[in-house]
Structures are given as structure tokens and as C-alpha cells.
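The opening position of the sequence shown corresponds to residue 29 in the numbering used here, with each subsequent residue numbered one higher. Backbone N, C-alpha and C define an ideal beta-carbon position, used for all residues, glycine too. This one's a predicted model, so the numbers in the text were calculated from it and none came from an experiment. Scroll down for the structure; my scribbles are underneath it.
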Amino acid sequence: MSMNNSPNVFLDPSLTRFQVNVINESHDNTIQSQGDPNPQRYEETSFADEGNNRLRVSYRPGNRELYDNFFQNGDAAKTDGSFHPYDTHSNTYYLKTFGHNTMDVVPKIDYYQNTGSIRGAKFNRPSLMDIHEQLAKNIAVTSGSVDKFTNLDGTAGEETEQEETKGGFVKFGWVKGVLVRCMLNIWGVMLFIRLSWIVGQAGIGLGVIIILLATMVTSITGLSTSAIATNGFVRGGLGIVVIFLSVVVTALTCISMSAICTNGVVRGGGAYYLISRSLGPEFGGSIGLIFAFANAVAVAMYVVGFAETVVELLKSSNAIMVDESNDIRIIGAITVVVLLGISVAGMEWEAKAQVILLIILLIAIVNFFIGTVIPSSHEKRARGFFNYQASIFAENFGPGFRGEEGFFSVFAIFFPAATGILAGANISGDLEDPQGAIPKGTMLAILITTVAYVGVGICVAACVVRDATGNLNDTVVAGMNCNGSSACALGYDFSSCTTQPCGYGLMNNFQVMSMVSGFGPLITAGIFSATLSSALASLVSAPKVFQALCKDNIYKALHFFAKGYGKNNEPIRGYVLTFVIAMAFILIAELNTIAPIISNFFLASYALINFSCFHASYAKSPGWRPAFRYYNMWVSLFGAMLCCGVMFVINWWAALITYAIELFLYIYVTYKKPEVNWGSSAQALYYVNAIDTALELTAVDDHVKNFRPQCIVLTGGPMTRPALLDITHSFTKNNGLCICCEVYTGPRKLCVTEMNSSMATKQAWLTKNKRKAFYAAVAADSFRDGVKSLLQASGLGRMRPNTLVLGFKKDWRDATAVEVENYMGIIHDAFDFEFGVIIARISQGFDISQVLQVQEELKKLEQERQALEATIKGSEFEEGKYGIHGFFRRATKLNITKTAPRKDCSINTISSMHVGEFNQRLLEASTQFKKKQGKGTIDVWWLFDDGGLILLIPYILTLREKWKDCKLRIFTGGKVTRLEEEKLMMASLLSKFRIKFADINIIGDINMKPNKESWKFFEEMIEPYRLHESCKDLTTAEKLKREAPWKITDAELEAFKEKSYRQVRLNELLQEHSRAANLVVLSLPVARKGIVSDYLYMAWLEILSKNLPPILLIRGNHKNVLTFYS
29 MSMNNSPNVF LDPSLTRFQV NVINESHDNT IQSQGDPNPQ RYEETSFADE GNNRLRVSYR
89 PGNRELYDNF FQNGDAAKTD GSFHPYDTHS NTYYLKTFGH NTMDVVPKID YYQNTGSIRG
149 AKFNRPSLMD IHEQLAKNIA VTSGSVDKFT NLDGTAGEET EQEETKGGFV KFGWVKGVLV
209 RCMLNIWGVM LFIRLSWIVG QAGIGLGVII ILLATMVTSI TGLSTSAIAT NGFVRGGLGI
269 VVIFLSVVVT ALTCISMSAI CTNGVVRGGG AYYLISRSLG PEFGGSIGLI FAFANAVAVA
329 MYVVGFAETV VELLKSSNAI MVDESNDIRI IGAITVVVLL GISVAGMEWE AKAQVILLII
389 LLIAIVNFFI GTVIPSSHEK RARGFFNYQA SIFAENFGPG FRGEEGFFSV FAIFFPAATG
449 ILAGANISGD LEDPQGAIPK GTMLAILITT VAYVGVGICV AACVVRDATG NLNDTVVAGM
509 NCNGSSACAL GYDFSSCTTQ PCGYGLMNNF QVMSMVSGFG PLITAGIFSA TLSSALASLV
569 SAPKVFQALC KDNIYKALHF FAKGYGKNNE PIRGYVLTFV IAMAFILIAE LNTIAPIISN
629 FFLASYALIN FSCFHASYAK SPGWRPAFRY YNMWVSLFGA MLCCGVMFVI NWWAALITYA
689 IELFLYIYVT YKKPEVNWGS SAQALYYVNA IDTALELTAV DDHVKNFRPQ CIVLTGGPMT
749 RPALLDITHS FTKNNGLCIC CEVYTGPRKL CVTEMNSSMA TKQAWLTKNK RKAFYAAVAA
809 DSFRDGVKSL LQASGLGRMR PNTLVLGFKK DWRDATAVEV ENYMGIIHDA FDFEFGVIIA
869 RISQGFDISQ VLQVQEELKK LEQERQALEA TIKGSEFEEG KYGIHGFFRR ATKLNITKTA
929 PRKDCSINTI SSMHVGEFNQ RLLEASTQFK KKQGKGTIDV WWLFDDGGLI LLIPYILTLR
989 EKWKDCKLRI FTGGKVTRLE EEKLMMASLL SKFRIKFADI NIIGDINMKP NKESWKFFEE
1049 MIEPYRLHES CKDLTTAEKL KREAPWKITD AELEAFKEKS YRQVRLNELL QEHSRAANLV
1109 VLSLPVARKG IVSDYLYMAW LEILSKNLPP ILLIRGNHKN VLTFYS
């Protein structure tokens, strides 16, 4: 293969660093494409373009025509009869990057899309195999590989970004999407209707603290989640404290939110999306429902605030319809219907309405400040407004709580105003750049609204007294003692308010701001604007968050609400549900009752946002790289704790209910285990904790008391030998390590490809079937080499396997000598590496791969049958639609409908044929260890001391639920003359080990010769593998040994005759004593390397375990695994 690499590529100073050339590769490298000695250079950033799947090129002047011919209709076109840019048989074309022929691509964002939680399609870069393996027939970029790079790879279960890229999809910037929305939502009911009352109750000082504390908590959450705005308005001395507290809460939350939302692309779902992608579906799913519900209730709160203002106007005009409460309900119901209509019309209309409402709101706020400096009239003075007075400021600075109100009850009523900080984050899916818009818009909104709340709170408390009668005649009489009353000093006597309720002043009149303002109707318009805009924002937020939750399908019953409509994917169904919830709470018609209900729900959301930021930082995941740097994990933790504390202080029983609901939903989601993987910080922390624990474990010395069997199980694919996995799992579950291992042999490339593609599937099978085990696979030249690698490299630190579990090679007599040698070599290797060995055998064998294959074929046939039936039904339905014409059509197509039953019959015949071939006993045997074992025994034939593993395994089994009804019976060899003594010695040993047993049997006749029939069977079994060299001359015998070194020689058979007798005799004793046992555990004989031939050893194992219940042949590594010391 020759390549035409022009050195001019490197010498031309006009070339950019990222340079890609199309060059011709052929057997004659002197002829370049198109006959052009200087092939056109162009800049390449990807193998594909999003729009038209063609090479993206940057043309240099003068050669545009060449490329106009090269690309036609978005595809590379042939310029002659044999040329094509991706032709692999004639003139193959390379993409040339950095002046070199390569399939490597330069970095581009397209290759990183659709990873983790990001919905949408991505382009695939060349795989490592594509650039590492040898190219076949000089193929540079084949059409298949180009397709591989350019084809979209949308993942199932994730809506692609096609919805978002449709024409007309509305996206908002940070001002319109976040700043305006947050400011409107924060400047809600509290600003014009309740702020004066809050300052009156708490005083200026505590009022401001309440606002600032609420703002701080949400700001920390916002800096952790980046979408929070502060709402704070307070009156009176403690009023400043109330404002301060609110500012603290919102500020802390905003800090946390900013960090989270700048750590990757943010999609729709707001707070739910941020929490779920950070802490996982368990926390996200639980808080998502609560948060969506809280927003739905917030709609009712804001609408009730609006309705209160309207009723006040009706009351002043004597136009009450029914009574005050029912009028609030009627007006609220009508209002929420109108808002629903605006929301359903689409985000574009809603955004336009929000801008108009903000302008009105700003005019109203300015109007209030102007009104404070306009000299008050006699009527306003009678109502408690005296312009700025130092005496009023001093009087209102301290708290003046009345009735059952206190600092935190006032804070609970005010705090929902601060929840507006999430208004921008809740429509994160409709923002152009959520990462930049949420932190910037939220923090600026918090700053502006906090200043406004504090300013309005201080101003109104410096101008208006707490109580006023509104009577123009309540003036001070000469010689009257004022007792420090600021109103008295200003000429008005409101002392009657101490004995009877008054209708004016900060404590009594919710419309104080209208009275103070320069033009009262503007304040009314501002109230309408603030309440309606907040209600509208919440009415949009709740369905958007709920839709994102439903799309993730965490609660399958709610998936109905995931469907969106129109170009903006509007959650119409969610709007209706929010409308129903809001309407239900509007019927309460009491603002002070509704506000505390949602305070705890919002605080729970903020607490989790803060905790998400802390948890992500604490997990130290390399993926935690927020662009927002002004956060601290400990500040976020403080914000979370502050939120939790405030919840209990506000209303302890409501906090308990909130946490109970959240805990219930958390347990539900955990139990259901939704099939999502968002790379949460919980996953990262699991890993960190596992690494830390593993490292700590390495510093702990092994001790016999802490020994536990940690097994490598040679199952192959775990689903192919389930019984072998089940019996091992019975004594390793919750107790030790279990690694299901598979060795791939054959052509390395095929093996590696198959191994890599099946790793995740087989581990998933273990998880799905609740097997607490790992899956590991290796590719090797031989089975033995693969197992040797596993024995040496498996495990981590102290969590390393110490026991090898494998099934008995049932087909050893039909296998090749190499296969038997590999099997025996594995046992030798295990002993060499000081592993214990467990060989398991059941009568039907463990391998059910053939059954699985037949089941797969049957499944395919069933699918074909169902597809055929659907086709026939569809055909009949289509024919039926045409009336009489359909009748004649059906008559002409009779062959289809008549042959269908034949096809069905043939399938049934095939099915029955395959079912007949099933080895039903094999299927039953493969599940026998999953069933509960009835009353019976586990017979332990402890013939040789191996350190106690042979005794520990059955003891662990008796602790399991499935085996707990089985009793241990111990069998061991002994002298005929000392049976009782040895029985007492064994009983004493077991008692010291604290192992319960049902019976001890001392077998005194183990060394007797077996009967003739048994020995004859053994001799017939090994006959095909004997060399019989003693019957031949020396030369022939030597030749036979060279040709078949694996065969059993006469000398070997004679040397191990006594040992062979013992194995045959043991089988007779096992048949006599343990034929009815649930499980037999027997000491595994050890074959000396190079002395005992493979086939003789396999014959021993065969005769030992023949015609018996399930049997485990166990040999420990001769190190103590039992001790009687405490």
C-alpha cells in the first residue's frame, strides 16, 4: 500500500493547524485524483455534518468548482464510472488530519452528545478497534464506517432533541426566561398585601432579618442549583430580622443551585432535574412530586391574594356578591381559569404576559416610594400615615407580635415569597442557555428583589403606625398624656385601638401600600400584577416539573402526564391536573392558612438542592466540574441544615409529615428500582467508599476467625450453569466474594469482541436474578491459561478469591486428551496458587446451554407466529373496510387465510418436537438449589484434614433459609478397635468448633477391598485409557508411551492400586450410608503432579461421585479456616 503524502502540507505557512486532505490511494500513487497535482486542502472538524451527513469543508479560494463537482445533493458523487470518495475497491479516499492519513477525528462536541442524561442524538467517533485493527484490503474509510460515524444514535427511552429543533420552538434568554420570571414570582402576594403586616408584627429589625435569612438559604441553594430569587418584605423591629432570615435561606440555596446547574447541560424539569441528576432517582423522584405539588398549591396562594384585593375593592364599593370568603372563592376560580387559558396558549404568550405584568409592577413600586414623600392628607393621617417620622421608625423598630403570632409563624407566612427563585430553573428546558442563564438571572433577581423588599419594609414602617382608627375626629385633646405614642405626639389619639379592634394601621389593614402610594389604583394594579404573575409562573412551573418527572417514568402510573402537545411540547395534561389542585386549595380562601402548607415543601426542596451540591463535592467525582466557582461544600451543607431547622421551627408537625411523605416516596422508588442511570453523586460516593474501605481492609491482617470462602466459579456464562452458581451462592451470599468466570478461547479478535459485548449483559443477568456475584471474563489461547490468569489476577486487596469452584467434567471419557489435560491442569494450578478446590457434581450435569438455545429458537418462532397472525388480521380488517369489494378481494386471497393455519400447525409441530427434545430432568436439576430443601441431611465425609474448609462450607449452608432444615451428619474413618473413642474425640472437636451436628459415624472398613462387581466396573471404565505396556516388548512399549503419554501405564496402576481400591470402596460406602442425603460433602483426593495420570485421576473422581445425590468434593488449602479460640 502506498500513500501520497505531499511534504508541502507541512511547508505551506498558510495552512491551519487542523488540516485534513482528501487524497487518492491506489496502486499507482503517481496519479492523483481528478488529475490535479495539488489536491484541494480543506479544514475538517467532523466526519459528518448535523444537517446533511456530508463532509464539512472550508474551501480555499480558486478551487471551489472542484468541490462543487465533488459534492452533489449532499452526497459525495462519482466523477467517473469507477470513482467514489468511499470506494474500497478502486480509488479509496482517506481523510487526512494534521497532514497524515488517519481515521482519527479531531475533537468535536458532536461526539460527546447523548451521554448520561443528555437527551438527543450524537455522532459516533471511530471505535478503538476501527483505528487499532489492521485495515482489510487497504480500506481507509468504507461506506459502512462512514455510516457508523454519521448515523444518529438515539437511545431508547430518551426523547431526542428533534422536538426542540423543530421550527418555531421558543427559547428564552436569561432576562426574559429567568430574571423577569424570578422577579415577578418573588414580588408576589407578600410585597403589597402582607409585607406591611409582617413588619408590623416583627418590627423593622426582625422583619429585615426574616427577609435576608430567607434570601440566604435560597441563594446558597441557588449557587448550588443556580435558580433562586429572594423575596423579603418585613415591618417593625423584628421585621428586618424576618427579611434577613428569608434572604439567608434563598441566598444559600441559590449558591448551591448555581454550582449544580453549571456542571453540565441542564434540561427541563427545574429543581427536580437538578436533584435527580445529582442525587439519583430516589431523592429526585420523591422531591419531584412534592415540589410539583407545592407549586400547584402556590398557584392557589397567589390567586387567593389577588382575590382578597378584589374583594377589598368590592367591599369599599358595597358590591359584595355573597360574603367575603365566598367572593374570594368565586373570584379565585374565575381567575385560575383565565390563567389556565393563557398557559395552555403556550409559553410565548405566557412570556409576553409576564413582561407586561413586570412593567406594571415596577411602576407600582415606584409609585409607592413617591407616595411616601407626598405630604399626607388628614384622611391618611387618621388612617395612620404620617410620612417619614423618626418617632414612628423607632416605635416600629421592635417587635409587636399579637395573638398567637411569633417570629417563625411570621417567617412561615413570608417565606413562600422567597420561593420565586426557582421560577427560572423550573422552565430550564425552555431556556437557550440554562447553565449561564440560571445563575446570572437568579442571583440578580435575588439582589434586586431583596433590596426592594427591605426598602419597602423599612419605608412603610417609618411612615405608618401599627394601629389607627381612621376617624378624623380622633385628635389629641389638650393636656393629654401621650405615654410615648408617636401618633399622639403627631396629634392623633388612637388609644381606643387597645380596647377595641381598629381597621387601619400596619397590623389591621392589608391595603396599607395603596393608602401610602401617590396614586392608589396603581398599587392595586401592582397587586394584580404581582399576584397574577406569580400565579402564572407557578401554574407553568408545576406542570413542567411534573412532566419531566413523568417522562423519566419513575412512577409508571403517572406516565400518562408525560405527553406534550404543540411545538413547545406543552404539558396540557399537567396543566389540567395543576388546575384541579389549585382549585381545591382556592376553596380554603384563607391566605395565612395556605402559605405555611407550602413553606415546608419548598424548604424540603431547597434542603435537597443544597445537599446535592454538598454531596457532589464530597463524592469527589471527576465529573463534578461546575463552571460556577463561588460555592463551598460546607456552606451548602449549612444551607441544607438551616432549611431543615427552619422547617421544624415553622411547623414541627408539618415538617414531620413532609419528611414522612418524602421517605415513603424514597422507599417506593428504591423498591421499584427505575431503569435509569444518571451518573449521580450517590454512585460516585459508593465508589469512593468502596475504594476507601478496600484500602482500609488491606491494612487489616488476615485472621482465621474472619475467614470466609471467596470463590471463583467457572460457570462460563452465569445463565448456562445456574445450578453451579446457586450452590456456590448459597454459601457466599452476604458472606463472601463470588466471581462467575468465563474463558473465551479461539481467534483472539472474535473472542475479544464477543467478550466485550457480553460483559454488561451477563452482569445485568446476575443483578436481575438477585445473585450477589460479579462476572469476569478473559480471552486466552487455552481454557487452562485463561483460568490461570483468573486465579492470579482476580480480586482486589484483601478481597481476593481463595477457593476455586468448578463442575465435574461429565464428558471426560468423550473429550480429547488436551481437554482432559486442561481440566486437570486447572486443579493443579489452583493447588499451586494455594486455592481451595470444590468440584460439584449433580446427576444431570450443570450445562443447560442447549436448552437455552432451544428456548431462544422457540421464542423466535412464537414471535414469527404472532407477527403472521397480526398480518392476517390486518389484511382481513383492510378487506372488510371495502364492503362487497372486500368480499371479492377476500375470495381472491383465500390462499393466504387458508395457509395461515398450516403455518400455525407447522409451528406447533416444531414446538412440540423441540419440547419433546427437552431434557426436563435437566431443567429441574438446574433449579434444584433455588428451592427450599426439605428436612434431610447434609452428609460430610471428613476423611482428610484440609484445615476445615470441608466442614465450614456445609455449616454455612445450614445457616441459610433454604437449607436450615437439613442436619449435619459427620462421617470419618477410624480403626475398628477404637470406634467409640474416635467418635468421642470427633464430638469433642466439633463442640469446640461450636458446630451443631445430628450424628457422627466412624467408618472402620474404608480400607477393605471393594466387591468384584464394583472393581470390574472401574477396570472397564479405565480400559480404553490403559497402555498395557507390560504385554509388549520394550521398543514397542517406549513407542506407545511417546505416542500416548496421557495413557495409564501398568506400573502406575499397580503403584496406586490401593488408592484405587479406596475410591471404589468409598463409593460403596456412600451408596450405603448417604444415598438419601440432600447433599454429600466429601474430601477431594489430591493427585501428585507428574505421578498420577490425568485419566486415572478422572476415573477416581468418576467412581467416587457416581450414582449419588448432589455432591461437593472439597479440598482446602491446608490452612486453618476454623478455630476454637475466642
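{"Item": "Using a Cβ-Cβ cutoff of less than 8 Å, which residues in the same chain neighbour Trp652 once the five nearest sequence positions on both sides are dropped?", "Value": "Asn291, Ala644, Ser645, Ser709, Ala712"}
{"Item": "Contact check, Leu693 vs Leu317 under 8 Å by CB: the rounded distance?", "Value": "6 Å"}
{"Item": "For Arg263, which of helix, strand or coil comes out of DSSP?", "Value": "Residue placement at Arg263 is flagged as unreliable, the pLDDT there being 31, under the threshold of 50; the coordinate-derived value follows with that caveat. Correct three-state label for Arg263: coil."}
{"Item": "From what residue to what residue does the alpha helix (DSSP H) around Asn213 run?", "Value": "208-214"}
{"Item": "Please report how far the alpha carbon of Leu1158 lies from the alpha carbon of Ser633, in whole angstroms.", "Value": "With the chain covering 29 to 1154 only, the question about residue 1158 has no answer from this structure."}
{"Item": "Per the contact definition of three or more C-beta pairs closer than 8 Å, is the region 196-211 in contact with the region 401-415?", "Value": "no"}
{"Item": "Below 8 Å on the Cβ atoms is my guess for Ala668 versus Phe676; work out the distance and round it to an integer in Å.", "Value": "That belief does not hold up - the Cβ atoms of Ala668 and Phe676 are roughly 13 Å apart, past 8 Å."}
{"Item": "Measure the Cβ-Cβ separation of Thr497 and Cys525 and say whether it is below 8 Å.", "Value": "yes"}
{"Item": "Does the distance from the CB of Tyr1053 to the CB of Tyr983 come in under 8 Å?", "Value": "no"}
{"Item": "Rounded to whole angstroms, what's the CA-CA distance from Val674 to Cys516? Just pull it up for me.", "Value": "39 Å"}
{"Item": "Helix, strand or coil for Leu7, going by three-state DSSP, please let me know.", "Value": "This structure leaves residue 7 out entirely; the chain is present only between 29 and 1154."}
{"Item": "For Trp680, count neighbouring Cβ atoms within 10 angstroms of its own Cβ and tell me buried if that reaches 16, exposed if not.", "Value": "exposed"}
{"Item": "Identify which residue in Phe1046, Ala1104, Thr281 has its Cα closest to the Cα of Trp662.", "Value": "Thr281"}
{"Item": "Quick check on the burial criterion: 16 or more other C-beta atoms within 10 angstroms. Buried or exposed for Ile719?", "Value": "exposed"}
{"Item": "Please report the straight-line C-alpha distance between Leu1068 and Val1092, rounded to a whole angstrom.", "Value": "28 Å"}
{"Item": "Using the Cβ count rule (16 or more neighbours within 10 Å means buried), how would you classify Gly962?", "Value": "exposed"}
{"Item": "Which whole-angstrom value describes the C-beta separation of Asn415 and Val438, a residue pair presumed to lie in contact below a C-beta threshold of 8 Å?", "Value": "Contact flag wrong, Cβ pair sits at about 26 Å."}
{"Item": "Ends of the alpha helix (DSSP H) at Ser1121?", "Value": "Here Ser1121 belongs to no alpha helix (DSSP H), and DSSP marks it neither H nor E."}
{"Item": "Out of Ile900, Val1108, Gly823, Leu240, which has the shortest C-alpha to C-alpha gap to Ala480?", "Value": "Leu240"}
{"Item": "So, at 7 Å on beta carbons, what are the nonlocal neighbours of Glu26 in its own chain, with the 5 sequence-adjacent residues on each side left out?", "Value": "Residue 26 lies beyond the residue range present for the chain, which begins at 29 and ends at 1154; the question has no answer from this structure."}
{"Item": "Identify, in the order they occur along the chain, each residue of the same chain with its Cβ nearer than 6 Å to the Cβ of Ser1102, setting aside the five sequence neighbours on each side.", "Value": "Asp967, Val1108"}
{"Item": "Please classify Ser345: does DSSP put it in a helix, a strand, or coil?", "Value": "coil"}
{"Item": "What span of residues does the beta strand (DSSP E) with Tyr772 cover, start to end?", "Value": "766-773"}
{"Item": "Contact defined as beta carbons within less than 8 Å: I believe Tyr803 pairs with Ser562. What is the distance between those atoms, to the nearest angstrom?", "Value": "That belief does not hold up - the Cβ atoms of Tyr803 and Ser562 are roughly 54 Å apart, past 8 Å."}
{"Item": "Taking the C-alpha atoms as reference points, what is the distance between Phe311 and Ile303?", "Value": "7 Å"}
{"Item": "Mind pulling the alpha helix (DSSP H) runs of 4 or more residues that sit fully within the region 1051-1078?", "Value": "1062-1071"}
{"Item": "Go ahead and label Asn597 buried or exposed: buried means 16 or more other beta carbons lie within 10 angstroms of its beta carbon, across all protein chains shown.", "Value": "buried"}
{"Item": "Is DSSP giving Arg601 helix, strand or coil here?", "Value": "helix"}
{"Item": "From what residue to what residue does the alpha helix (DSSP H) around Arg357 run?", "Value": "352-373"}
{"Item": "If we require 3 or more residues per run, which beta strand (DSSP E) segments fall completely within the region 1105-1149?", "Value": "1107-1111, 1139-1143"}
{"Item": "For Gly864, write down the residues that DSSP places opposite it in a beta bridge.", "Value": "Thr831"}
{"Item": "Should Pro462 be labelled buried (16 or more other beta-carbon atoms within 10 Å of its own) or exposed?", "Value": "buried"}
{"Item": "Look at the alpha carbon of Arg430 and the alpha carbon of Ile226, and state the distance between them as a whole number of angstroms.", "Value": "11 Å"}
{"Item": "Using 8 Å as the threshold, is the C-beta distance between Pro650 and Ile981 below it?", "Value": "no"}
{"Item": "Straight-line CA distance for Met1014 to Glu1086?", "Value": "26 Å"}
{"Item": "In the DSSP assignment, find the alpha helix (DSSP H) that holds Lys777 and state where it starts and stops.", "Value": "776-796"}
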